[in-house]
Ligand SMILES: C[S@@+](CC[C@H](N)C(=O)[O-])C[C@H]1O[C@@H](n2cnc3c(N)ncnc32)[C@H](O)[C@@H]1O
């Protein structure tokens, strides 16, 4: 039963992330990857990027001299990542995989990274255990996740607030943006945790441009629009998204510039 349930969950997650055009949406926040690579150091090391999507962090690690493997549930996104690597002349191993059961040997990597991806795996404790299992003692895990108060954290909660049936109680992806919760996910595992706050600048032509881009190209926002459409609530939710972007706007020239805050959780892996 658990296996059938897992496959159903994976199929649903793949459909969500394959929708729209994640390459364009992900490129808006692609600055997080190089900055994580710089923080943990990757040159000459074996690096795994979990939930690589269209590959921005894996490609940043390869550019910085890592020997990189990028894994993701969604084959459509891996195909984009592969094309991008080929176009840039970068060598990366791409593999379809679930963060909850990585097809990698124990202690295979020196650096295990994830930008805005492990946060979406439904069982955070199991995901944390997998990250630790594949990282060698002496290695470092680096996970970037939106904080609940960040513009993208608030986007999720704002849109969910319009849904007639709130999602079942359980872990929220945004828990990965809170140090106390992350400590709980790694509880009992041989790691030393530290946390940093960072932000990635997101620039678009205007608030309206941003709203149009998210409603047409972001799988999760498109799913919210579908769910709210029949009750006629999408215009209200769309207006709330516009208000959120306008509130986050720090541009002074009429364009849109948002600083999207995120938490960087670092886990230094000790002997088992
Ligand atoms: C917001 S995107 C982030 C992609 C990329 N890391 C980036 O920074 O642009 C979330 C990614 O997590 C992947 N994902 C979601 N659940 C996953 C799981 N259980 N295992 C592996 N990947 C998963 C999705 O397919 C998607 O590519």
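Residue numbers (our numbering): 48 to 319.
Each residue gets a CB set at the ideal place from its N, CA and C atoms; glycine is no exception.
Model, not experiment: these values are computed from the prediction.
DSSP, reduced to helix, strand and coil, places residue 177 within a helical segment of the structure shown.
Residue 225 sits in coil when the DSSP states are folded into three classes, being neither helix nor strand. Between the alpha carbons of residue 292 and residue 153 lies a distance of about 42 Å. For residue 305, there is no enclosing alpha helix (DSSP H); the residue is found in the beta strand (DSSP E) stretching over 303 to 316.
Not one heavy atom of ligand 1 falls within 7 Å of the beta-carbon of residue 261.
Between residue 70 and residue 127, the C-beta gap is smaller than 8 Å, which places the two residues in contact. As the crow flies, the alpha-carbon of residue 216 is around 12 Å from that of residue 169. With a beta-carbon spacing of about 12 Å, residue 181 and residue 165 fall beyond the 8 Å limit used to define contacts. Judged by DSSP in its simplified three-state form, residue 201 adopts helix. Fewer than three pairs of CB atoms, one per stretch, sit closer than 8 Å, so the region 228 to 236 makes no contact with the region 292 to 306. A distance criterion of 7 Å places the beta-carbon of residue 98 in contact range of ligand 1, judged by its closest non-hydrogen atom.
Taking the Cα positions, residue 249 is about 19 Å away from residue 161. A heavy atom of ligand 1 is found nearer than 7 Å to the CB of residue 103. A direct Cα-to-Cα measurement between residue 199 and residue 83 gives close to 19 Å. Looking only at 197, 209, 137, the smallest Cα-Cα distance to residue 222 is reached by 197. Residue 104 sits away from residue 118, with the two beta carbons spaced by 8 Å or more. Taking residue 67 as reference, the option from 280, 263, 259, 88 with the minimal CA-CA separation is 263. Rounded to the nearest whole angstrom, the C-alpha separation of residue 301 and residue 176 is 46 Å.
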